[in-house]
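Okay, so here's the structure we're looking at.
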Amino acid sequence: MSQQNLRVRRTRILLRDALVELIDERGFDRITVGELTTRAMVSRAAFYRNYRDKYHLAEQVFDDALDELMATAPDDVPQLWTEFFDHVATYERLYKALLSRKAGTWFADTMRAKMASISAHHLTGKAGNDLTPTVVGAVAVQAITWWLDHDRPCSARVIADRTAEMMRAIIDVELRHPS
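Read the sequence shown against our numbering and you will find it ends at 247, with the numbers running on by one and no gaps.
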């Protein structure tokens, strides 16, 4: 790996960690790019070489997690969901803050759309319209939100199994009643 790539990775990790810390301290809405760069000990130029704004940084954390999961995705769907919920648990403060009512709906909407897109890709030829992937995406986001709002009352495996079961039920309805 080149020195340039190492610097980029280091900068992104520092900014991600700074974002999580500052969300915990001040809430997402009150964080500025200046505070992020100061906390991460990187320049504003380095920030803007990697991200458009703090929203892009938050979205990228989610995108990176999805990319990593999809690259190593097991054939076992519940295991995939377990790994995803493990990721959510690792970055609990970030997801709690970004999915809270105070943060608005932009991140939840982004997550729903990305989950719907992944679902649509896997349902190609099975679902007749975009309703099913949209509902599946909403179930995923609501399951995450519920799990975090209730202080993770069950393991990642249990919530993953329950979420996958709900999604299968939705898909089964669509398969029985195609549009």
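Just so it is clear, CB atoms sit at the ideal spot from N, CA and C, and this is done for glycine as well.
> What is the rounded straight-line gap between the Cα of Ala208 and the Cα of Trp174?
Replying inline: Within the sequence shown, residue 208 is the residue found at index 140, counting from 1. Within the sequence shown, residue 174 is the residue found at index 106, counting from 1. Put simply, the backbone Cα of Ala208 is about 16 Å away from that of Trp174.
>> Buried or exposed, going by whether 16 or more other CB atoms sit within 10 Å of the CB of His20?
In response: Nothing can be reported for residue 20: it is not among the residues displayed for the chain, which extend from 69 to 247.
>> Could you check whether the region 165–185 touches the region 107–120, counting it as contact only if at least three pairs of C-beta atoms, one from each stretch, sit closer than 8 Å?
In response: As far as the Cβ criterion goes, the region 165–185 does not touch the region 107–120, which means the pair count is below three.
> At which residues does the alpha helix (DSSP H) containing Lys164 begin and terminate?
Replying inline: Taking the sequence shown and counting its residues from 1, the one referred to as residue 164 is at position 96. Taken as a continuous stretch (DSSP letters only), the alpha helix (DSSP H) holding Lys164 covers 160–167.
>> Is it buried or exposed, Tyr119, if we count other Cβ atoms within 10 angstroms and call 16 or more buried?
In response: Numbered from its first residue, the sequence shown carries residue 119 at position 51. With 16 or more other Cβ atoms within 10 Å, it is buried.
> Which residues bound the alpha helix (DSSP H) around Gly102?
Replying inline: To locate residue 102, count along the sequence shown from 1; it is residue 34. Gly102 -> alpha helix (DSSP H) spans 101–108.
> How do the region 159–167 and the region 80–93 stand: do at least 3 beta-carbon pairs fall below 8 Å, yes or no?
Replying inline: Judged by Cβ distances under 8 Å, the region 159–167 makes contact with the region 80–93, as three or more pairs qualify.
> Any idea what DSSP makes of Ser223, helix, strand or coil?
Replying inline: Within the sequence shown, numbered from 1, the residue matching residue 223 stands at position 155. Ser223 falls in the coil class under three-state DSSP.
> At which residues does the alpha helix (DSSP H) containing Tyr116 begin and terminate?
Replying inline: Stepping through the sequence shown from its first residue, residue 116 is reached at position 48. Where Tyr116 is concerned, the enclosing alpha helix (DSSP H) stretches over 112–118.
>> Considering Cα atoms alone, identify which of Gln210, Phe153, Arg225 is closest to Arg169.
In response: The residue you call residue 169 lines up with position 101 of the sequence shown. It is Gln210 whose Cα lies nearest to the Cα of Arg169.
> Hey, out of Tyr123, Phe96, Thr200, whose CA is closest to Thr178's CA?
Replying inline: Along the sequence shown, read from residue 1 onward, the residue named residue 178 stands at position 110. For the set Tyr123, Phe96, Thr200, the Cα lying nearest the Cα of Thr178 is the one of Tyr123.
>> On the DSSP letters alone, give me the boundaries of the alpha helix (DSSP H) that Leu87 sits inside.
In response: Translated into the one-based positions of the sequence shown, residue 87 becomes position 19. In this chain, the alpha helix (DSSP H) harbouring Leu87 covers 71–94.
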